[in-house]
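From first to last, the protein sequence lines are chains X and A.
Residues in the first sequence are numbered from 18 upward in steps of one, following the working numbering.
Residues in the second sequence are numbered from 18 upward in steps of one, following the working numbering.
2 protein chains.
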Amino acid sequence: MTSSASTPAYDDLCQRHRRKHRLQHLHAMASWDQAAFMPPGGAVPRAEALAEMEGLLHQLGTDPALKDLLARAEQEPLDDVQRASLREMQRVWRSANALPQSLVESKSLAISHCEHAWRSQRPANDWAGYVENLRPVVRLIREEARLLSESSGLSKYDALLDQYEPGMRSAEVDRVFGDLRQWLPGLIRQVMERQAGEAVVAPQGPFSTAAQRALGLDAMKLLGFDFAAGRLDESTHPFCGGVPEDVRMTTRYREDSFLQSLTGTIHETGHGRYEQNLPRDWMGLPIAAARSMGLHESQSLSFEMQLASHPGFAGLLEPLVRRHLGDQPAFAADNLHRMMTRVAPGYIRVDADEVTYPAHVILRYEIERPLMEGEIEVEDIPALWDAKMQELLGLDTRGNFKDGPMQDVHWGAGLFGYFPCYTLGAMYAAQWFATMRRERPSLDADIARGELTPVFDWLKDRIWQQGSRYETPELVQRASGEPLNTAHFRRHLEARYLG
Amino acid sequence: MTSSASTPAYDDLCQRHRRKHRLQHLHAMASWDQAAFMPPGGAVPRAEALAEMEGLLHQLGTDPALKDLLARAEQEPLDDVQRASLREMQRVWRSANALPQSLVESKSLAISHCEHAWRSQRPANDWAGYVENLRPVVRLIREEARLLSESSGLSKYDALLDQYEPGMRSAEVDRVFGDLRQWLPGLIRQVMERQAGEAVVAPQGPFSTAAQRALGLDAMKLLGFDFAAGRLDESTHPFCGGVPEDVRMTTRYREDSFLQSLTGTIHETGHGRYEQNLPRDWMGLPIAAARSMGLHESQSLSFEMQLASHPGFAGLLEPLVRRHLGDQPAFAADNLHRMMTRVAPGYIRVDADEVTYPAHVILRYEIERPLMEGEIEVEDIPALWDAKMQELLGLDTRGNFKDGPMQDVHWGAGLFGYFPCYTLGAMYAAQWFATMRRERPSLDADIARGELTPVFDWLKDRIWQQGSRYETPELVQRASGEPLNTAHFRRHLEARYLG
Ligand SMILES: [Zn+2]
Ligand SMILES: [Zn+2]
């Protein structure tokens with residue numbers, strides 16, 4: 018990433034980013050350990066050590082010299098990749114420098130207070146208590162949105178959304194979610210009618226953690242995870258962390274059920290392979306990072322929904338399940354596939370199937386956007402929630418705050434503009450597979466016979482190796498030949514669930 | 018550690034040290050992970066991340082502002098503990114600032130080159146090759162010794178020794194090793210004659226790693242390890258790392274033998290409990306750190322040799338061994354004790370029993386000291402080694418470099434002045450237990466009935482909780498009422514092996 022042309026400012030910026038990247042490596046590993054291995058006595062000193070490092074990284078990211086370096090680099094003879102790299106450096110700089118230190122600190126305090134209280138308020142269904150802590154978070158994020166909006170020229174909500182999905186705008190989200198809203202409730206009803214007559218054999222547990230772990234590792238091998246560049250461990254909340262050269266995935270096991278851990282592991286494997294295959298030549302620079310939250314989710318959902326819930330894939334899973342968990346009627350490929358594609362509206366987003374999941378996301382988007390634009394207040398959330406749950410999923414959530422707006426801690430953690438990415442990811446994933454099928458008509462047959470290389474090669478070439486070279490809309494166009502198109506997601510669901 | 022009196026310079030120093038400590042926490046965890054869990058792909062970025070942090074810590078430790086702060090703190094109204102704390106800050110500062118950056122870098126390069134080549138030269142018995150790489154290391158450490166000697170006023174070897182055992186001088190090492198040299202070879206012969214007629218039943222393996230791990234964890238529990246503040250994992254080279262609030266111990270397992278891992282785990286547990294019980298109020302300041310390498314080893318050897326090889330302790334181990342490894346004649350307490358106290362001269366220091374171990378250390382001390390003082394050269398090492406092995410242990414090492422001076426990588430790693438600490442540690446440990454026995458005549462009976470609290474309380478009170486408040490000679494005097502006295506170590510060996 019340093020050219021033969023004279024680009025001293027750009028080169029200096031590269032050095033600074035690589036230094037930050039090396040320090041972030043230590044932060045990433047300590048965070049992983051915190052979730053996966055740390056005994057309770059380590060909690061306080063670990064939190065202090067991580068906070069110290071965050072302060073240091075913030076200091077490096079707001080070094081007054083950067084502004085001038087970025088301006089000078091702009092004038093240097095950069096090639097296309099370097100120019101994209103500089104654009105990403107500017108994005109990182111804007112995001113680190115948009116907010117005054119006092120706002121960063123107030124936000125951090127309000128969030129940790131809200132999150133901490135939420136842990137006991139949720140089980141107590143204490144909306145009145147929660148809303149008192151959510152209000153200051155909303156106030157501070159609105160202030161953040163205002164500042165981000167001023168520096169970027171975007172609307173307030175768009176300025177927040179742009180942090181998670183660079184280049185995505187709410188006008189586009191409105192368009193795609195508006196379309197989804199038209200046909201999704203009807204589709205859900207149709208699928209449920211159809212599945213009502215379907216018999217699913219229930220697996221008989223318990224399934225030992227050791228056997229489930231071995232099964233998960235075999236699934237990861239099948240999906241091409243590079244164990245020389247990563248590991249699988251356990252944590253309460255599964256995640257994919259670490260660094261691209263050493264990806265740390267976690268899962269959790271329930272002895273009464275193996276499917277949750279297996280599909281969770283497959284999901285994280287999608288995140289993991291994206292990270293493992295980011296462009297190594299640019300490593301340490303922002304251009305080498307995964308593009309966005311929605312793109313990341315498009316990879317985990319490519320693995321979990323497009324691949325693992327594919328009817329042909331169940332035949333690949335069956336021998337692995339039998340090898341590790343023994344022989345049961347439930348483990349027949351067609352039964353595994355039915356288990357993995359069961360559709361049922363429920364209160365909880367994270368437990369939702371791929372058909373009802375978007376309803377949960379649309380609901381949140383339709384609340385958080387007016388909330389950020391100042392059109393509604395936190396007190397308005399429950400009534401809107403109840404109405405939309407009724408409308409989208411036919412469920413009554415009145416008075417049930419803990420399984421309603423208190424089920425997620427995202428808003429309490431200041432994450433506004435983040436929810437749409439889950440469903441954008443699902444739609445991108447459907448679009449990737451539609452493109453693969455168009456380019457390679459044998460795709461479904463290939464998957465059924467275990468020939469997954471074409472899928473991995475496509476994702477590697479079009480997504481993983483691109484890093485952050487393009488903003489999301491351009492990446493989508495280049496990868497699939499068209500902008501985000503909800504028709505692919507709809508066709509995917511109809512083919513799989515009504516076909 | 019901040020008083021009501023006005024001590025702004027001292028307070029500033031405390032803040033700086035605590036900041037460094039928080040960053041060192043991340044370094045410690047990443048180092049532990051590097052040895053225990055990291056896949057091979059992580060090696061290069063991890064090494065770079067650790068090096069970046071080392072550079073940053075060095076920069077913080079050589080901040081030009083420190084010199085003035087230390088001088089100003091000297092004039093402030095400090096209490097006794099603060100004054101000791103300042104003394105340790107000065108020690109840390111001197112050690113970080115004694116060497117010019119160019120020497121630090123040349124040393125680091127020469128060492129990694131020498132260590133790397135050693136890995137293949139040792140198996141090839143290639144002394145001629147090794148000596149070419151050892152020579153520049155010796156040259157650079159001599160230069161370091163010269164600079165440290167100039168800034169401290171100590172002799173060159175003493176200046177090196179002082180880094181590992183603050184306050185210890187070679188005159189004192191000469192005195193105690195000179196004494197040891199008088200009676201040790203005779204004692205070894207006597208013990209061997211006596212043990213020649215002893216029958217030891219050999220355990221029948223294999224012993225699964227899982228069973229050995231469970232046994233090791235039970236031994237750690239018996240020895241009071243706090244699992245809320247630490248863990249046991251596996252690594253090729255066992256060590257005790259992490260931070261006092263979260264100690265990361267490792268061991269390794271051989272399925273054909275369980276005793277190595279068990280005694281190794283017990284050894285590291287001694288290191289671990291020292292760390293876990295360092296004074297929390299001073300945490301983050303140099304005064305809260307373990308006193309020295311010799312003192313640390315006195316804790317691991319208190320656990321491994323004084324306690325675990327105690328005839329009464331074998332009765333505590335027997336039920337644990339039977340619980341995890343099954344019933345075998347070899348697992349009877351008296352047989353376990355015989356296995357753990359078998360004496361035999363051998364080539365390899367790390368495999369040596371507690372009776373022959375000091376001979377290995379004396380030999381190294383008698384070579385490294387003149388080498389550092391410039392009285393001999395690296396070419397002289399093999400002949401000296403052969404002569405001393407013959408003299409001390411009656412073994413012929415001629416031509417066998419790989420089991421001779423090439424067995425350890427310490428010298429190649431620039432560690433001169435470090436070896437004496439192993440045997441100083443063994444002698445301190447004997448002195449601690451002699452003091453405990455004097456103060457509590459029931460000690461041996463207490464140990465035999467599993468009442469270990471008096472031992473732990475004594476160590477906690479006299480050693481662990483003292484941190485680095487006193488230099489080693491004063492700590493020894495305060496803990497045991499007298500200076501280091503070799504008679505205790507001799508009496509310990511005679512009582513155990515000839516009694
Ligand atoms: Zn995900
Ligand atoms: Zn040790």
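Heads up, the beta-carbon is just placed ideally off N, CA and C, and yes, glycines get one too.
Considering only their Cβ atoms, is the gap separating S497(X) from W449(X) smaller than 8 Å?
On the first sequence, residue 449(X) is found 432 positions in, with the first residue counted as 1. On the first sequence, residue 497(X) is found 480 positions in, with the first residue counted as 1. Going by C-beta atoms, W449(X) is nearer than 8 Å to S497(X).
Between H505(A) and chain X, is there a C-beta pair that is closer than 8 Å?
If you number the second sequence from 1, residue 505(A) lands on position 488. It does not; no Cβ of chain X falls within 8 Å.
According to DSSP, is R139(X) helix, strand or coil?
If you number the first sequence from 1, residue 139(X) lands on position 122. R139(X) falls in the coil class under three-state DSSP.
Quick check: is the beta carbon of A47(A) nearer than 8 Å to any beta carbon in chain X?
For the purposes of this step, residue 47(A) is taken as the residue at position 30 of the second sequence. Yes, its Cβ sits closer than 8 Å to a Cβ of chain X.
N- and C-terminal bounds of the beta strand (DSSP E) containing A251(X)
For this step, residue 251(X) is matched to residue 234 along the first sequence. Position check: residue 251(X) holds Glu in this sequence, whereas Ala was assumed. Note, E251(X): beta strand (DSSP E), 247-251.
Kindly list, in the order they appear in chain X, the residues whose Cβ is closer than 7 Å to that of P57(A).
What you label residue 57(A) is simply residue 40 of the second sequence in a count that begins at 1. Within chain X, the residues near P57(A) are A245.
According to a CB-to-CB cut-off of less than 8 Å, which residues of the stretch 318-335 of chain X neighbour chain A?
none
C-beta atoms of L43(A) and M70(X) nearer than 8 Å:
One-based indexing of the second sequence puts residue 43(A) at position 26. One-based indexing of the first sequence puts residue 70(X) at position 53. Against a cut-off of 8 Å, the Cβ pair of M70(X) and L43(A) comes out as a contact.
Can you find at least 3 beta carbon pairs, one from the stretch 301-320 of chain A and one from the stretch 470-481 of chain A, that sit closer than 8 Å?
yes
Would you mind stating whether L87(A) and Q118(A) have Cβ atoms separated by less than 8 Å?
The residue you call residue 87(A) lines up with position 70 of the second sequence. The residue you call residue 118(A) lines up with position 101 of the second sequence. In this structure, Q118(A) does not lie closer than 8 Å to L87(A) by Cβ.
To the nearest angstrom, how far is it from the Cα of R100(A) to the Cα of I304(A)?
As a first step, residue 100(A) must be located in the second sequence, where it is residue number 83. As a first step, residue 304(A) must be located in the second sequence, where it is residue number 287. Cα-Cα distance, rounded: 10 Å.
What's the C-alpha gap between D370(X) and L412(X)?
Here residue 370(X) corresponds to residue number 353 of the first sequence, with the count starting at 1. Here residue 412(X) corresponds to residue number 395 of the first sequence, with the count starting at 1. So the two alpha carbons sit approximately 16 Å from each other.
By the 10 Å Cβ neighbour count, where 16 or more other Cβ atoms means buried, how is T19(A) classified, buried or exposed?
Here the question's residue 19(A) lines up with position 2 in the second sequence. Summary for T19(A): the model assigns pLDDT 49, below 50, so the residue's position carries little reliability; its value from the coordinates is reported in the next sentence. The residue in question, T19(A), is exposed, as its Cβ has fewer than 16 Cβ neighbours within 10 Å.
Flag E182(A) as yes when its Cβ comes closer than 7 Å to any non-hydrogen atom of ligand 2, and as no otherwise.
Numbered from 1 along the second sequence, position 165 holds the residue referred to as residue 182(A). E182(A): no, Cβ never under 7 Å from ligand 2.
Classify V148(A): buried if its beta carbon has 16 or more other beta carbons within 10 angstroms, exposed otherwise.
Taking the second sequence and counting its residues from 1, the one referred to as residue 148(A) is at position 131. The residue is buried, with at least 16 neighbouring Cβ atoms inside 10 Å.
With respect to the alpha helix (DSSP H) encompassing V154(A), which residues constitute its N-terminal and C-terminal limits?
The count along the second sequence starts at 1 and reaches residue 154(A) at position 137. First-last of the alpha helix (DSSP H) with V154(A): 144-169.
Beta-carbon gap between M444(X) and T503(X) smaller than 8 Å
On the first sequence, position 427 is the one that residue 444(X) refers to. On the first sequence, position 486 is the one that residue 503(X) refers to. Result yes, Cβ atoms of M444(X) and T503(X) sit closer than 8 Å.
For a test of the three-state rule: what should DSSP assign to S278(A), helix, strand or coil?
Numbered from 1 along the second sequence, position 261 holds the residue referred to as residue 278(A). It is helical.
Beta-carbon within less than 8 Å of D522(A)'s beta-carbon, same chain only, minus the 5 sequence neighbours each way: which residues are those?
The first residue shown for chain A is 18 and the last is 516, placing residue 522(A) beyond what the model contains.
Burial state of S459(X) (16 or more Cβ within 10 Å):
One-based indexing of the first sequence puts residue 459(X) at position 442. So S459(X) ends up on the exposed side.
Counting Cβ pairs, one atom from each stretch, are 3 or more of them under 8 Å apart for the stretch 190-208 of chain X and the stretch 216-232 of chain X?
no
My guess is that P56(A) and A245(X) are in contact by the Cβ rule of under 8 Å, so how many angstroms apart are they, rounded?
For the purposes of this step, residue 56(A) is taken as the residue at position 39 of the second sequence. For the purposes of this step, residue 245(X) is taken as the residue at position 228 of the first sequence. Indeed, because the Cβ distance is near 5 Å, the residues count as touching under 8 Å.
In chain X, which residues lie with their C-beta within 8 Å of the C-beta of V260(A)?
Against the second sequence, residue 260(A) aligns to sequence position 243. G59, P62, listed in chain order.
If I measure Cβ to Cβ from V109(A) and keep anything under 6 Å in the same chain, skipping five residues before and after, which residues do I get?
Residue numbering aside, residue 109(A) sits at position 92 when the second sequence is read from its first letter. So the list reads P303, once near-sequence residues are dropped.
Going by Cα to Cα distance, which pick from N114(X), L120(X), A115(X), V155(X) is closest to C131(X)?
Here residue 131(X) corresponds to residue number 114 of the first sequence, with the count starting at 1. The candidate whose alpha carbon is nearest that of C131(X) is V155(X).
Cβ of Q172(A) versus every heavy atom of ligand 2: is any distance shorter than 7 Å?
Position 155 of the second sequence holds residue 172(A). Going by the sequence as given, residue 172(A) is Ser instead of Gln. No, ligand 2 has no heavy atom inside 7 Å of this Cβ.
Report the three-state DSSP secondary structure of T268(A) (helix, strand or coil).
Counting from 1 along the second sequence, the entry for residue 268(A) is found at position 251. T268(A): strand per DSSP, three-state reduction.
Any C-beta of chain A under 8 Å from that of L43(X):
Position 26 of the first sequence, counted from the first residue, corresponds to residue 43(X). Chain A contact via Cβ: present.
G259(A) bridges to which residues according to DSSP?
Translated into the one-based positions of the second sequence, residue 259(A) becomes position 242. Answer is V264(A), bridged to G259(A).
Using a threshold of 7 Å, is the CB atom of H254(X) nearer than that to any non-hydrogen atom of ligand 1?
By 1-based counting over the first sequence, the position of residue 254(X) is 237. Not under cutoff, so the answer is no.
Could you check the C-alpha separation between R33(A) and N114(X) for me, to the nearest Å?
Start at 1 with the first residue of the second sequence, and residue 33(A) comes out as number 16. Start at 1 with the first residue of the first sequence, and residue 114(X) comes out as number 97. So the two alpha carbons sit approximately 26 Å from each other.
Below 7 Å CB to CB, which residues in the same chain sit around A376(X) once its five sequence neighbours on both sides are set aside?
Taking the first residue of the first sequence as 1, we reach residue 376(X) at position 359. If we look at A376(X) and ignore the five residues flanking it on each side, its Cβ neighbours are L201, L409, L410.
Return helix, strand or coil for T19(A), following the three-state DSSP convention.
What you label residue 19(A) is simply residue 2 of the second sequence in a count that begins at 1. With a pLDDT of only 49 at T19(A), under the threshold of 50, the placement of this residue in the model should not be trusted; the figure read from the coordinates follows. Looking at T19(A) - three-state DSSP - the assignment turns out to be coil, as it is neither helix nor strand.
Check the Cβ-Cβ distances between T19(A) and every residue of chain X, and say whether any is below 8 Å.
Translated into positions along the second sequence, residue 19(A) becomes position 2. Legend: pLDDT at T19(A) = 49, less than 50; position of this residue unreliable, no value from coordinates given.
Can you give the Cα-Cα distance for Q92(X) and E314(X), rounded to whole angstroms?
Taking the first sequence and counting its residues from 1, the one referred to as residue 92(X) is at position 75. Taking the first sequence and counting its residues from 1, the one referred to as residue 314(X) is at position 297. Roughly 36 Å separates the two Cα atoms.
Do S317(X) and ligand 1 come close, with the Cβ less than 7 Å from some heavy atom?
Counted from its first residue, the first sequence places residue 317(X) at position 300. Yes; taking the cut-off as 7 Å, the Cβ of S317(X) has a heavy atom of ligand 1 nearer than that.
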